[in-house]
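My numbering numbers the first residue of the sequence shown as 452 and each following residue consecutively. Beneath this line is the structure, given in structure tokens, with notes to follow.
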Amino acid sequence: MTQLTDSLIRRAIKRIGQSGGSELLTEGEGRGTGRLVLRVKATRCRVVAEWLAQQWRDNKRVRVKIGDYPSMTVEEARETFERDFANAIQKRRSIRIVRDNRTGTVGDLFDGYVGWLKAHEKPSWKETEKGLNKIADTLGRRRAARDIEPEEITEILRPIYKRGARSMACHVRGYLHAAFNWGIKSEHDYRNQSPRRFGLHLNPAASIPTEPKIVGNRWLSSREFVQLYRWLEYPSAPVHPPYLRAVRLLMLTGQRVQEIARLHVDQWDAEERIIDWSKTKNGSPHAIPVPSLAAELIEGIVPNRNGYFFPAAMDPTRPVSHQTLYAFMWRQRDNGVIPSVSNRDLRRTWKTLAGQAGVAKEIRDRIQNHALQDVSSRNYDRWDYMPEKRAGMERWDRFVRSLLAKEALRRAA
Numbered sequence: 452m453t454q455l456t457d458s459l460i461r462r463a464i465k466r467i468g469q470s471g472g473s474e475l476l477t478e479g480e481g482r483g484t485g486r487l488v489l490r491v492k493a494t495r496c497r498v499v500a501e502w503l504a505q506q507w508r509d510n511k512r513v514r515v516k517i518g519d520y521p522s523m524t525v526e527e528a529r530e531t532f533e534r535d536f537a538n539a540i541q542k543r544r545s546i547r548i549v550r551d552n553r554t555g556t557v558g559d560l561f562d563g564y565v566g567w568l569k570a571h572e573k574p575s576w577k578e579t580e581k582g583l584n585k586i587a588d589t590l591g592r593r594r595a596a597r598d599i600e601p602e603e604i605t606e607i608l609r610p611i612y613k614r615g616a617r618s619m620a621c622h623v624r625g626y627l628h629a630a631f632n633w634g635i636k637s638e639h640d641y642r643n644q645s646p647r648r649f650g651l652h653l654n655p656a657a658s659i660p661t662e663p664k665i666v667g668n669r670w671l672s673s674r675e676f677v678q679l680y681r682w683l684e685y686p687s688a689p690v691h692p693p694y695l696r697a698v699r700l701l702m703l704t705g706q707r708v709q710e711i712a713r714l715h716v717d718q719w720d721a722e723e724r725i726i727d728w729s730k731t732k733n734g735s736p737h738a739i740p741v742p743s744l745a746a747e748l749i750e751g752i753v754p755n756r757n758g759y760f761f762p763a764a765m766d767p768t769r770p771v772s773h774q775t776l777y778a779f780m781w782r783q784r785d786n787g788v789i790p791s792v793s794n795r796d797l798r799r800t801w802k803t804l805a806g807q808a809g810v811a812k813e814i815r816d817r818i819q820n821h822a823l824q825d826v827s828s829r830n831y832d833r834w835d836y837m838p839e840k841r842a843g844m845e846r847w848d849r850f851v852r853s854l855l856a857k858e859a860l861r862r863a864a
């Protein structure tokens, strides 16, 4: 049986470089155990070498690529063939459906989950990656994911909770719970090309209780609304202008922070004065007509070269994050120049004041894209309830203009 070596391979590469064509170098008996094959071939620019696993099945030769030489060494190729293919060939299984049999590590689990979030365009992937990377080394990045016990996760969360970062502890617990849930399902997901085997049967984060959620009830009064809106128009401190416009648009539309912060030129229909999101937090598309105040605000903005209305100050290729919007509001709030309010409070404020303006609750729910279970809500139609939503936004626009006008008269008096 010929043993492949680096010197043998280099001589073959030299031969093919001089003569062209291709050559197969094989290792293994081939009788019921298959062969490890290195295919050396000349291309237009250079000579390439790739590792293949080979078996005879139904009187046909079947080959599957393992990797490339020299990025995968002889020893690594031999180890991969023995681990993933030799046993399958002896059992007469097709090597076309063989997968990586290594037990998935904590690092594999976290990387795979973040990759899944990226592939599905989940805006939370960056926060999740940051949160998981902070604890990966503590858990043991190279440990088998199936060996992680609930007690270990508890010991990671306890110090975070004790230092007063209760919300962060809850977030980290959520990241872990979601990552292990993904790991349980991923290896049996036929849509994945080559998922690592994690061998998970239980989610170690599932038995850890969560912090009870406190339902927010803060909303701005009409006077506070005007105070904040006017400050955003004429700030008393230097703030990146797109951030000020983004918060004003939040106040005028009542939408989720991430959806306004990531607003792109492709989502704005200037002729109809409609913002149309193909995908939102609840997974469904959403379109709203904007009040004329908001339309004037958007029309006064020139999107940057990447198409974003509200680009980040440090990296214009990305939209501003909702954390950044929260941070600048938080700093000014502590200075006492604006009311005490969070970005979520602004969404609640819109819901409350729009009700005061006379917009029906069902229309407010549809404008804010709350999950509704009727058939028309499950089957998206951009124009569904558009006349009703437009009428609601017009009523809201008149209400806001009257608030701003009253404040101007009060100041003049």
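Here a beta-carbon is modelled for each residue, glycine too, at the ideal position from N, C-alpha and C.
H773 sits close to A712, with the two beta carbons spaced by under 8 Å. By the 16-neighbour rule on beta-carbons within 10 angstroms, W834 is exposed. Distance check between K581 and each of V716, R597 and D562 places D562 closest, using alpha-carbon atoms only.
Listed as beta-bridge partners of W719 by DSSP are I726.
Contact annotation: P655 and I611 have beta-carbon atoms that are not nearer than 8 Å. Positions of the alpha helix (DSSP H) runs, each at least 4 residues long and wholly inside the region 545-586, are given as 557-570 in order along the chain. Fully contained in the region 518-542 are the following alpha helix (DSSP H) runs of length 4 or more, in chain order: 525-531 and 538-541. The beta carbon of M837 sits closer than 7 Å to those of P740, all from its chain and outside the five residues before and after it, given in chain order. Taking every protein chain shown into account, the CB of G634 has 16 or more other CB atoms within 10 angstroms, so this residue is buried.
When only Cα atoms are considered, I460 and P574 end up about 47 Å apart. Along the length of the region 610-677, whole alpha helix (DSSP H) runs at least 4 residues long occupy 617-637, reported in chain order. A contact is defined here as three or more CB-CB pairs under 8 Å, and the region 459-478 meets this definition with respect to the region 488-508. Between S687 and the set V810, R782 and R497, the nearest pair of CA atoms involves R782. By the Cβ criterion, the region 799-810 is in contact with the region 672-688, since at least three pairs of Cβ atoms, one from each stretch, lie closer than 8 Å. DSSP, read as helix, strand or coil, puts L714 in coil. Going by beta carbons, N794 and L854 fall outside the 8 Å limit. When DSSP states are grouped into helix, strand and coil, Y685 belongs to the coil group. Assignment of L590 by DSSP, reduced to helix, strand and coil, places it in the helix class.
Of all C-beta pairs linking the region 510-517 to the region 530-549, three or more are shorter than 8 Å, placing the two stretches in contact. About 21 Å separates the beta carbon of P601 from that of S637, a gap too long to meet the 8 Å contact definition. Annotation for L627: I604 and A656 place their beta carbon closer than 7 Å to its own, counting only its chain and skipping 5 residues before and after. Separation of R815 and F779 (C-alpha to C-alpha, rounded to the nearest whole angstrom) is 28 Å.
For I818, there is no enclosing beta strand (DSSP E); the residue is found in the alpha helix (DSSP H) stretching over K812 to I818. Closest in alpha carbon position to A697, among G555, V677 and L776, is L776.
Bounds of the alpha helix (DSSP H) holding S743 are S743 to E750. Taking 8 Å as the cut-off, the Cβ atoms of A763 and P770 count as close.
R490 carries a strand assignment under DSSP once its states are collapsed to helix, strand and coil. Under the three-state reduction of DSSP output, W502 falls in the strand class. For a cut-off of 8 Å, the C-beta gap from G758 to H715 is around 5 Å, short enough to register as a contact. Residue pairing by DSSP leaves S470 without any beta bridge partner. Under DSSP, Y759 shares a beta bridge with H715. Assignment of A595 by DSSP, reduced to helix, strand and coil, places it in the strand class. The C-alpha of H821 is placed about 17 Å away from the C-alpha of L703.
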